[in-house]
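Chains as they are written, first to last, in this note's numbering: chain A, 1198 to 1528; chain B, 1198 to 1528. Built from N, CA and C at the ideal position, the CB exists for glycine as well.
There are 2 protein chains.
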Amino acid sequence: MAALTVSAASTSAGAPALPALSDIAAAHARVAPHVHRTPVMASRSLDALAGARLYFKCENFQKVGAFKARGATNAVFSLSDDEARRGVVTHSSGNHGAALAYAAARRGIRAWVVMPETAPRIKQDNVRGFGATIRFCAPTPQARAAACDEVQRETGATLIHPYDDARVIAGQGTAALELLEDVPDLDAIVAPVGGGGLLSGTAIAAKGVRPAVRVYGAEPANADDAWRSFASGRVEPVNPATTIADGLRTPLCPRTLAALRANVDAIGLASEAGVVAAMRATWERMKIVIEPSSAVPLAALVERTLDLAGARVGIVLSGGNVDCDRLPWQP
Amino acid sequence: MAALTVSAASTSAGAPALPALSDIAAAHARVAPHVHRTPVMASRSLDALAGARLYFKCENFQKVGAFKARGATNAVFSLSDDEARRGVVTHSSGNHGAALAYAAARRGIRAWVVMPETAPRIKQDNVRGFGATIRFCAPTPQARAAACDEVQRETGATLIHPYDDARVIAGQGTAALELLEDVPDLDAIVAPVGGGGLLSGTAIAAKGVRPAVRVYGAEPANADDAWRSFASGRVEPVNPATTIADGLRTPLCPRTLAALRANVDAIGLASEAGVVAAMRATWERMKIVIEPSSAVPLAALVERTLDLAGARVGIVLSGGNVDCDRLPWQP
């Protein structure tokens, strides 16, 4: 973490480092040349559904189709020249893998992405399209970690974890900074929570800029590990049950749990049917393509597990990468 | 056409009236409080597909989900108070019907929309949602015209034709005005052509503001009546063959044909497969929902029936109203 200045205020003995507002502001300056300043959109008919005034931060329009471009870019451009020369590695086959490949290409350094042999061709193509090297492994967490270690030993590449990394969290927080610049008088901000990188960065940024703002996570009831972890103060395991919001099937880590417990007001849950309905409503009313994870905050508002009636609410739409061959509302 | 000032320059003995640039500028001032100033979006990967630099005017984000809100609103707000008191009527069950209902609601006047008993429930709901009255008829052009006449006789309502109307054409042209304000140095603008209202307004506005700009129509090869009419100088009948771009299955009228012959450089054709592929690419790469008609200009560029290699090209995305239950690339 050479280039990251972690404020003393945000660390304590033994606790994992978290970015402060100043780190997120620095991240914003660092990533701005490389990522889109995404627009904020609104829709009266979605307002009516939610009973609130909604402002959608459209990270579905972001590079690689997801907010992940922010965190990966901040991490890659935070490396020293010496670190950068040895490249970066990660084990996410999803949006973070593509985002890291993108960021590495922007800096002109090498990237390795570990993914199971079973990963869909489109995910492989995404990563290769940015010039990254795929290292295949067996489809188990152990094999992934081993393959990552192997790449690091062989190459000296820096591991960039999808969320257990203060540089990544700082990058993800830049979306909330922009949202509050564009709509300063929000009462609340809601972001989906999987591993917690986006929600951590959002909460630290938002409370830093506007202490009165409330910050909420939204999670599928079928994957309520963040909700349980937030309540218990321990990282609880993910549910065996599945959810359509495939980006959110990830446990918190101690770092993101600490950020959430310090900065987040509550986590709202959404039913699977509610997520599908919110996703479809967003496509049909706002005319934008969002992935299921992006629809979870709206679903939690519509189902009133987050009751923000009448409030001015910012929602971070996490991404827009969907398989258009089959949509979740189709039989 | 009480409140429309048609410039002398744009009329000649016996020819149907067309708006001049000044009428389109007046229309812009008239509609601005009631319609969205839609954003202009770009996508490097769609640029690569087309071999040109593309600027998409996103009328899919417009009120009622289509550019039609502009023309209908200009027509409704051009009525004298006396005319307005008697209401408006049209016979389009598609986007224009909803747009007229919307505009009438904004002005607080009555609207009747004639549609066949077989019209899909969602189109009926759209129109009723704005408080308009549906007058059902048999599903033939004759029955539609008769029902329209009947409403006019009974109520004194003003017929607002979907495109054979200088006020409507002036309203549609306001999208191109905004596009050229946002991106002044375009080499060309492409709009889809059905009845020709959008393309007429686009061409008059664009050539008025920037005489050097080239203006093109784009049409499905399966519905090439505008292409044939443009060549022959007569309004040619629509093809019996069908197209996925259901908004473009409409013949020109003498008014729009005259506008096209005077202001449009060429019309490009697109295959059905090309339209579906362009629509899907726009959903997947730009993450926005567009209807098939909106994809026809991009398809014509990709298929090089409009060869604008290397040019800076504005594209008017006509709308985003799609049945998400079944998408055209799905079997």
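Can you tell me whether Ala-1217 of chain B is helix, strand or coil according to DSSP? coil
Roughly how many whole angstroms lie between the Cα atoms of Ile-1306 of chain B and Ala-1300 of chain B? 9 Å
Please report the residue range of the beta strand (DSSP E) in which Glu-1416 of chain B lies. 1411-1417
Chain B contacts made by the stretch 1471-1491 of chain A, where a contact means CB separation under 8 Å: Arg-1477, Trp-1480, Glu-1481, Met-1483, Lys-1484, Ile-1485, Val-1486 and Ile-1487
Beta-carbon neighbours of Asp-1522 of chain A, restricted to chain B and to distances below 8 Å: Trp-1526 and Gln-1527
Interface residues of the stretch 1257-1271 of chain A facing chain B [CB-CB below 7 Å]: Asn-1257, Phe-1258 and Gly-1262
For Gly-1517 of chain A, decide whether its Cβ has a neighbour in chain B, counting only Cβ atoms nearer than 8 Å. yes
If you compare alpha carbons, which of B:Gly-1398, B:Ala-1459 and B:Arg-1446 is closest to Phe-1427 of chain B? B:Ala-1459
Local conformation of Phe-1534 of chain A per DSSP, three classes: There is no way to answer for residue 1534 of chain A, as the model of chain A reaches only from 1198 to 1528.
Closest Cα partner of Phe-1253 of chain B within the set B:Ala-1363, B:Gln-1527, B:Leu-1524 and B:Trp-1480: B:Trp-1480
Gly-1284 of chain A, buried or exposed, once every other Cβ within 10 Å from all chains shown has been counted against 16: buried
Evaluate contact between the stretch 1253-1267 of chain A and the stretch 1359-1373 of chain A, counting only Cβ atoms and requiring at least three cross-stretch pairs below 8 Å. yes
Excluding the 5 residues flanking His-1225 of chain B on each side, which residues of the same chain have their C-beta closer than 8 Å to its C-beta? Thr-1371, Leu-1374 and Glu-1375
I need the straight-line Cα distance from Ala-1223 of chain B to Arg-1325 of chain B, nearest angstrom please. 30 Å
In terms of residues, what are the limits of the alpha helix (DSSP H) holding Trp-1424 of chain A? 1422-1429
Could you check what DSSP says for Cys-1255 of chain A in three-state terms: helix, strand or coil? strand
Per DSSP, what kind of secondary structure is Val-1285 of chain A in: helix, strand or coil? strand
Opening and closing residue of the alpha helix (DSSP H) in which Val-1380 of chain B lies: Where Val-1380 of chain B is concerned, there is no enclosing alpha helix (DSSP H), given that its DSSP letter is neither H nor E.
Taking the alpha-carbon positions, what's the Val-1519 of chain B to Arg-1477 of chain A distance? 12 Å
DSSP-derived helix/strand/coil call for Ala-1442 of chain A: coil
Can we say the stretch 1501-1514 of chain A touches the stretch 1241-1252 of chain A, given the rule of at least three CB pairs closer than 8 Å? yes
Leaving out the 5 sequence neighbours to the left and right, which residues in its chain are closer than 8 Å to Val-1529 of chain B when beta-carbon positions are compared? The first residue shown for chain B is 1198 and the last is 1528, placing residue 1529 of chain B beyond what the model contains.
Is the shortest distance between the beta-carbon of Ala-1230 of chain A and the beta-carbons of chain B less than 8 Å? Checking the displayed sequence, the identity of residue 1230 of chain A turns out to be Pro instead of Ala. No, no contact with chain B.
According to DSSP, is Phe-1333 of chain B helix, strand or coil? strand
Expected contact under 8 Å - CB spacing of Val-1286 of chain A and Ala-1354 of chain A to nearest Å: 4 Å
CA-to-CA distance, Val-1348 of chain B to Thr-1208 of chain B, given in whole angstroms: Because the pLDDT at Thr-1208 of chain B is just 46, under 50, the model does not fix this residue reliably, and the point stays unresolved.
Examine chain B for any beta-carbon lying closer than 8 Å to the beta-carbon of Pro-1236 of chain A, and answer yes or no. yes
Taking Arg-1341 of chain A as part of the alpha helix (DSSP H), name the residues at either end of that continuous run. 1338-1352
Cβ pair Leu-1503 of chain B, Gly-1465 of chain B closer than 8 Å: yes
Euclidean distance between Cα positions of Val-1203 of chain B and Leu-1215 of chain B: Confidence in Val-1203 of chain B is poor, its pLDDT being 39 and thus under 50, which makes the residue's placement unreliable; the coordinate value appears in the next sentence. C-alpha separation (whole angstroms): 7 Å.
Taking only the alpha-carbon atoms, compute the straight-line gap between Ala-1212 of chain A and Gly-1391 of chain A and give it to the nearest angstrom. 21 Å
Unbroken beta strand (DSSP E) run spanning Leu-1466 of chain B, endpoints: 1463-1467
Which same chain residues, not among the five before or five after Arg-1241 of chain B, have their C-beta less than 8 Å away from its C-beta? none
Would you tell me roughly how many angstroms separate the C-alpha atoms of Arg-1350 of chain A and Pro-1317 of chain A, rounded to the nearest one? 27 Å
Report yes if the C-beta distance between Leu-1445 of chain B and Glu-1416 of chain B is below 8 Å; otherwise report no. yes
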